[in-house]
Structures are given as structure tokens and as C-alpha cells.
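K.L.:
First the structure, which I've put down as C-alpha cells, then a few questions once you've had a look.
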Amino acid sequence: MSEPVIRPIIGLEIHVQLATRTKMFCGCPLEFGAEPNSRVCPVCGGLPGALPVINRQAVEFALRTALALNCTIGRLTKWDRKNYFYPDLPKNYQVSQYDLPIGLAGRFDLPNDGGATRSVRIRRVHLEEDAGKNSHEGLPHTRVDLNRAGTPLLEIVTEPDLADGEETARFCVELQRLVRHLGVSEADMQKGQMRFEPNINLSIQTGGADARTPITEVKNLNSFRAVQGAVTFEIRRQADEWRGNRDYTLEKVGKLNYGWNDARGVTEFQRGKEEAHDYRYLPDPDLVPMIFESSDLERGRAALGELPLQRRHRWITQRGMAETDAETLLADRATADLFDAAAAAGADSGVLCKQMISFWSAEANARGASIAGLGVSAAQVAELATLTAGGDINATTAAAVAAKVLVSGRGPREIVEVEGLRQVRDENAAAQWVDEAIAANPKAVADYRSNPKKAQAAIGFLRGQVMKISAGKADPRQVGEMIEKRLTER
Ligand code: ZN
Ligand code: MN
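Take the sequence shown: its letters are residues 1014 to 1503, numbered as in this note's numbering.
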């Protein structure tokens, strides 16, 4: 028998906590780390007779995201109760959207290495509320904190279009970037604001027969690494399991829930998976259906702006930016906007990009901020890049000027003029500095002459000395050429 051909079938369910001020159906504030059960009212506490009120902002955020994911927007959308009993769910049902979600049949194009794209279909986007939190750590009993109960969640479900663990994790990264760009979520995974649940099974083809392994859903992953690890592990585990038991199929076993053990790097069986009918979904009689008008959709579209992947594509194709640099500058929307604004102000985009990913980025890291968070203006960033591109200052001076801009708030040009930092291209001045450096460093001169292997290092050293003597004002390229010429002359 020939080797089986194995193709993974991977889809994702993602829960994104929306960045609203208050909960989905009541006025309780959303606050991470607040005193347990201090942000609870009769509505989110599930007291009988309490009536929910829809959070308009959450609906707007959901609509915006569904539009960004190219979904068809359900003009009429309603709320349903998903019934189940669990201590962290005081109403005994979760309000969700069952058959009329906000978004349907969307698409998200994921860039691959080498410029190709993987088109991932989006099955649906709907709103729902989160449950509370149980904790059992170090206790003989369980504690329930309802602060999180009623938090607005956006659930995004993809079709099974992903190929492997790496691609699945990359999808998650791009989705995080998207929701942050849209301003609908902080998507901080350490705070559980973005949680991933991949569905995985395999198509195994052997001599005309196509077997499908059981679909496993790995619950509640909260890091990209865990997503990649869990999917990769499941692909191998399911293939091994099937090799040992040809009845390990979707038909015979059904769907299964697994968890991810991060410490051991393995998935672990939890339970058989519930089907929709187990939840006895029913329309919520306390919540009115929502109708979206054309004006709502227009407003939603207007709020999208240029999406991160479009921006990335434009930078790479039109500005010739390297992919890795684009990734760095896309880390947050404000920084990406800063780059575009500075480029629009006339700065050379190559120099601008280099400066942003080098010293601006270093200054930002040192302050635990983003580049945009440094408070530097697009005009200042552009001016510094222009001074450098025009040869008024060299790269080293540019970094020093950037630091001075941050401290003083003065513009780069002003700093360069006032402090006399303009690069000196004057041949005579440069020749004098070069002579001085050569005279003071006979060892480097000797190295250059005696050992060809050390020649480049010797020139580099002497150039550094000239930069020091000139207080950074020499043009390193000009000086380098002069040194080499002088040394060969002798
Ligand atoms: Zn409440
Ligand atoms: Mn859900």
C-alpha cells in the first residue's frame, strides 16, 4: 500500500473582548483586576426581573470588525439564549447570536512568504457576553468572580481554510493587529482579551479512500505560541492515532474537546463536544432585534481607514520597504500613521524607515512606549530624515539629534544650527582631521601596511578617530576615502 496523503483541515474560533467602557447589557464598568464581585449589578448578576440594555458601542465595534473582514452584514440581527448550567453563568444562559449573526460569509487575505496570499473565509462574526471566572487554586472549593460576566465579546469563526500550525498562528497575529487598528479591542492576551480555539482534523487519503479523523477543538489558547504548538501537536497526534486504529474517524468518534498543556507541550483530552441542540438556543424575549440601516454601514466603513494588510502591501510595493521593516512599523496604528505622515511631509521614505526602526525605535523601547508614544511630531521626524538624506548631518549625528529633540522638544533643524552639528564636507578641514588621526595612531597605520587582513579594520578605526576629533561633524564616507588614499600614498 502506498503512503497515505495527509492534509490538515484547520479552522479557528476567536473570542475578542471589546474595548467598551461598560458591559454588554448593563452599565457595570469593565476593569481588569478589580476587587472580585465589585463590578456586578442585578443584570449581569442574573437576578430575576432585571432587564438588559444593549451597549450601542459594542454593536458599532462588531459591525466595524465584520465590515473589515469583508462580511455580508445581516440587516436584521437578533439575540439568542444559549442555555447551560455553570457556576460562573448566573443566568444559566449566555446571550449570544445564533441564526442571525451580525456578519456572514467574509474573507481575510493572509500574506504568505514570497508575496502570495492565503484567502481565509470567515464563516460568521457575532456578539455575545462573557461568563464570570471560577478559581479553584489552592482551595478545597471553587470561588466565583462575576466581574467578567457580561463583558462584550466578539466571536469570529473561520472556515477550515488554514494549512498548518504556523499559518494558523500567523492568522491570529494579523487578526490581533486588525482589531487593534480598528480600535475595537486592546487584544491583550495576558488579560485574556483575545482567546483562540482551533478546530483540527485530517483528511487521510489512501488508494482512493478518504478518511477523516475526529475534529478536535482545542479550548482557550491565549498565546500565538500555544496556537502554533497545539495545532502542530494535534496534526501529529491524530495521524499517529489513526495509524494505530483505523476506526479513529469523525464518523465513529465524533467531535472532541481538548486542552493545551503549555508546560508539557501536549494537548489533553477533556470531553466529547456538545452539539448546538444540546444548548437549546432560543430567542431572547428581553432583547429587541437590531436592524442596520445603510447609514450604519456607511459610518462603519468610514471608520475602517486603511487596514494593516493594505498598508503593508502599499509600503512594500510602492515604497520598496522590506517586509520585516513593514512588520515593525505596523506594530501599532499610531506609529504607522506617523510614518505615513512624515513621508507625506516630504521625507525620503528609505531614510525615514531606517531611522524609525533604528534610533526612534530604540528610544521608544527605552521608555516602554511605541514610537508614536514618544510624542514626537511627524514634522520633526520628517525634518530629521530630510537633513540626513540631504547630507547635512550623518547617521550618527541624526541619532544624537533625535535624543535632543525628545529632551528639548526643539526641531531637528534648529538643534543642528544652534549646536553647530552640520556635517563638514570641506576638504581642507577633513584633510586636517585625517592627518591628525593618522599621526596619533601609528599602530593602526602599521597594521594597515603589514597585514591585508587587518586593513579594513584599521581604516574603520581611523575613521572612528576622525569622527571623534571632528565631534561627529565629518562625513564618514568622505573621510574613509581620504584615509585609504593617504595610507596607500605613503
Ligand atoms: Zn452589571
Ligand atoms: Mn462563543
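We put the CB at the ideal spot given by N, CA and C, even for glycine.
Ligand 1 and Val1157: does any heavy atom of the ligand fall closer than 6 Å to the residue's C-beta?
P.N.:
If you number the sequence shown from 1, residue 1157 lands on position 144. Result no, Cβ not under 6 Å from ligand 1.
K.L.:
Which two residues bound the contiguous beta strand (DSSP E) that contains Trp1273?
P.N.:
In the sequence shown, counting from the first residue as 1, residue 1273 sits at position 260. Its beta strand (DSSP E) spans residues 1268-1274.
K.L.:
Excluding the 5 residues flanking Trp1373 on each side, which residues of the same chain have their C-beta closer than 8 Å to its C-beta?
P.N.:
The sequence position of residue 1373 within the sequence shown is 360, counting from 1. Contacts found: Ile1384, Leu1387, Val1389, Val1394, Ala1415.
K.L.:
From this set, Asp1158, Gly1477, Asn1441, which residue's C-alpha is nearest His1149's C-alpha?
P.N.:
Looking up residue 1149 in the sequence shown gives position 136. For the residues Asp1158, Gly1477, Asn1441, the minimum Cα distance to His1149 belongs to Asp1158.
K.L.:
To the nearest angstrom, report how far apart Ser1371 and Gly1363 are at their CA atoms.
P.N.:
Here residue 1371 corresponds to residue number 358 of the sequence shown, with the count starting at 1. Here residue 1363 corresponds to residue number 350 of the sequence shown, with the count starting at 1. Going from the Cα of Ser1371 to the Cα of Gly1363 covers about 12 Å.
K.L.:
Between which two residues does the alpha helix (DSSP H) carrying Arg1077 extend?
P.N.:
The residue labelled residue 1077 in the question sits at position 64 within the sequence shown. From DSSP, the alpha helix (DSSP H) with Arg1077 extends over 1069-1081.
K.L.:
So, using beta-carbon positions, are His1194 and Pro1321 closer together than 7 Å?
P.N.:
For the purposes of this step, residue 1194 is taken as residue 181 along the sequence shown, with counting starting at 1. For the purposes of this step, residue 1321 is taken as residue 308 along the sequence shown, with counting starting at 1. Cβ distance < 7 Å, so His1194 and Pro1321 count as in contact.
K.L.:
By how many angstroms is the C-alpha of Asn1407 removed from the C-alpha of Ile1169?
P.N.:
To locate residue 1169, count along the sequence shown from 1; it is residue 156. To locate residue 1407, count along the sequence shown from 1; it is residue 394. Distance between the alpha carbons of Ile1169 and Asn1407 is about 49 Å.
K.L.:
Within 6 Å: the Cβ of Glu1142 and any heavy atom of ligand 2?
P.N.:
For this step, residue 1142 is matched to residue 129 along the sequence shown. Every heavy atom of ligand 2 is 6 Å or more from the Cβ of Glu1142, so no.
K.L.:
For the segment 1020-1070, which segments carrying the alpha helix (DSSP H) assignment without a break, of at least 4 residues, lie completely within its bounds, in sequence order?
P.N.:
none
K.L.:
Report the option in Leu1025, Leu1351, Arg1052, Gln1323 whose CA atom is closest to the CA atom of Asn1212.
P.N.:
The residue labelled residue 1212 in the question sits at position 199 within the sequence shown. Looking at the Cα atoms, Leu1025 is the closest of the given residues.
K.L.:
To the nearest angstrom, report how far apart Ile1022 and Gly1178 are at their CA atoms.
P.N.:
For the purposes of this step, residue 1022 is taken as residue 9 along the sequence shown, with counting starting at 1. For the purposes of this step, residue 1178 is taken as residue 165 along the sequence shown, with counting starting at 1. Cα to Cα, the separation comes out at about 11 Å.
K.L.:
Excluding sequence positions up to five away, which residues of its chain have a Cβ less than 7 Å from the Cβ of Thr1035?
P.N.:
As a position in the sequence shown, residue 1035 is number 22, starting the count at 1. The residues are Cys1041, Pro1042, Leu1043, Asn1068.
K.L.:
Express the C-alpha separation of Trp1092 and Val1301 in angstroms, rounding to a whole number.
P.N.:
Start at 1 with the first residue of the sequence shown, and residue 1301 comes out as number 288. Start at 1 with the first residue of the sequence shown, and residue 1092 comes out as number 79. Roughly 8 Å separates the two Cα atoms.
K.L.:
From Gly1205 to Leu1434, what distance separates their C-alpha atoms?
P.N.:
Here residue 1205 refers to the residue found at position 192 when the sequence shown is read from its first residue. Here residue 1434 refers to the residue found at position 421 when the sequence shown is read from its first residue. Those two C-alpha atoms are separated by around 49 Å.
K.L.:
Would you check if the distance between the CB atom of Leu1269 and the CB atom of Thr1229 is smaller than 7 Å?
P.N.:
Within the sequence shown, the letter at position 256 stands for residue 1269. Within the sequence shown, the letter at position 216 stands for residue 1229. Yes, these two residues count as a Cβ contact at 7 Å.
K.L.:
Mapping the DSSP letters down to three states, classify Asp1154 as helix, strand or coil.
P.N.:
Counting from 1 along the sequence shown, the entry for residue 1154 is found at position 141. Strictly speaking, residue 1154 in this sequence is His, with Asp absent from that position. Coil at His1154, not helix or strand.
K.L.:
Hey, could you find the ends of the beta strand (DSSP E) Pro1124 is sitting in?
P.N.:
Counted from its first residue, the sequence shown places residue 1124 at position 111. Its beta strand (DSSP E) spans residues 1116-1124.
K.L.:
Under a criterion of Cβ closer than 6 Å to any non-hydrogen atom of ligand 1, which residues qualify, in chain order?
P.N.:
Lys1036, Cys1039, Cys1041, Val1053, Cys1054, Val1056, Cys1057, Gly1163
K.L.:
For Asp1101, which three-state DSSP category applies?
P.N.:
Within the sequence shown, numbered from 1, the residue matching residue 1101 stands at position 88. Correct three-state label for Asp1101: coil.
K.L.:
I'd like to confirm the pairing. Which residues does DSSP put opposite Pro1165 in its beta bridges?
P.N.:
Your numbering for residue 1165 matches position 152 in the sequence shown. Paired residues: Glu1142.
K.L.:
Could you give the distance in angstroms between the alpha-carbon of Ile1115 and the alpha-carbon of Val1138?
P.N.:
Counting from 1 along the sequence shown, the entry for residue 1115 is found at position 102. Counting from 1 along the sequence shown, the entry for residue 1138 is found at position 125. Computed Cα separation, rounded: 6 Å.
K.L.:
For Glu1142, which residues of its own chain have a beta-carbon under 7 Å away from its beta-carbon, when the five flanking residues on both sides are left out?
P.N.:
As a first step, residue 1142 must be located in the sequence shown, where it is residue number 129. So the qualifying residues of the chain are Met1037, Phe1038, Gln1107, Val1108, Gly1163, Thr1164, Pro1165, Leu1166.
K.L.:
Mind reading off the beta-carbon distance from Ala1358 to Ala1392? Whole number of angstroms is fine, and I expect it under 8 Å.
P.N.:
On the sequence shown, position 345 is the one that residue 1358 refers to. On the sequence shown, position 379 is the one that residue 1392 refers to. About 6 Å separates the two Cβ atoms, so the contact holds.
K.L.:
Considering only the alpha carbon of each residue, which of Lys1486, Lys1467, Gln1445 lies closest to Met1495?
P.N.:
Taking the sequence shown and counting its residues from 1, the one referred to as residue 1495 is at position 482. Per the Cα distances, Gln1445.
K.L.:
What does DSSP give as the partner residue(s) for Phe1282 in the beta ladder?
P.N.:
What you label residue 1282 is simply residue 269 of the sequence shown in a count that begins at 1. Paired residues: Tyr1271.
K.L.:
Measure the CB-CB distance between Met1480 and Ala1471 and report whether it falls below 7 Å.
P.N.:
Taking the first residue of the sequence shown as 1, we reach residue 1480 at position 467. Taking the first residue of the sequence shown as 1, we reach residue 1471 at position 458. It is not a contact, given that the beta carbons lie outside the stated cut-off.
K.L.:
Decide if Gly1381 is buried, meaning its Cβ has at least 16 other Cβ atoms within 10 Å, or exposed.
P.N.:
Position 368 of the sequence shown holds residue 1381. Answer is exposed; the Cβ neighbour count stays below 16.
K.L.:
Along the chain, where does the alpha helix (DSSP H) containing Thr1262 start, and where does it finish?
P.N.:
Here residue 1262 refers to the residue found at position 249 of the sequence shown. For Thr1262, there is no enclosing alpha helix (DSSP H), as DSSP gives it neither H nor E.
K.L.:
Suppose you measure from the CA of Pro1061 to the CA of Tyr1292; what does that come to, to the nearest Å?
P.N.:
By 1-based counting over the sequence shown, the position of residue 1061 is 48. By 1-based counting over the sequence shown, the position of residue 1292 is 279. Their Cα atoms are separated by approximately 21 Å.
K.L.:
Can you tell me the Cβ-Cβ gap for Leu1123 and Glu1187, rounded? I've got them flagged as a contact below 8 Å.
P.N.:
The count along the sequence shown starts at 1 and reaches residue 1123 at position 110. The count along the sequence shown starts at 1 and reaches residue 1187 at position 174. Going by Cβ atoms, the distance from Leu1123 to Glu1187 rounds to 6 Å, so yes, they are a contact pair.
K.L.:
Could you check whether the Cβ of Glu1230 sits closer than 6 Å to any heavy atom belonging to ligand 2?
P.N.:
As a first step, residue 1230 must be located in the sequence shown, where it is residue number 217. No, Cβ of Glu1230 sits at least 6 Å from all heavy atoms of ligand 2.
K.L.:
Sorry if obvious, but does the Cβ on Glu1430 come closer than 6 Å to a heavy atom of ligand 2?
P.N.:
Position 417 of the sequence shown, counting from 1, holds the residue named residue 1430. No, ligand 2 has no heavy atom inside 6 Å of this Cβ.
K.L.:
Tell me which residue opens and which closes the beta strand (DSSP E) that Glu1210 is part of.
P.N.:
Numbered from its first residue, the sequence shown carries residue 1210 at position 197. Glu1210 -> beta strand (DSSP E) spans 1207-1219.
K.L.:
Starting from Ile1228 and walking both ways along the alpha helix (DSSP H), at which residues does that stretch end?
P.N.:
Reading the sequence shown from its first residue, position 215 is the one you call residue 1228. Counting along the chain, Ile1228 falls outside any alpha helix (DSSP H), though it belongs to the beta strand (DSSP E) covering 1228-1231.
K.L.:
Under 8 Å Cβ to Cβ from Thr1078, same chain only, skipping five residues before and after it: list those, please.
P.N.:
To locate residue 1078, count along the sequence shown from 1; it is residue 65. Result list for Thr1078: Val1029, Gly1116, Val1138, Leu1167, Ile1169, Leu1191, Val1192, Leu1195, Val1197, in chain order.
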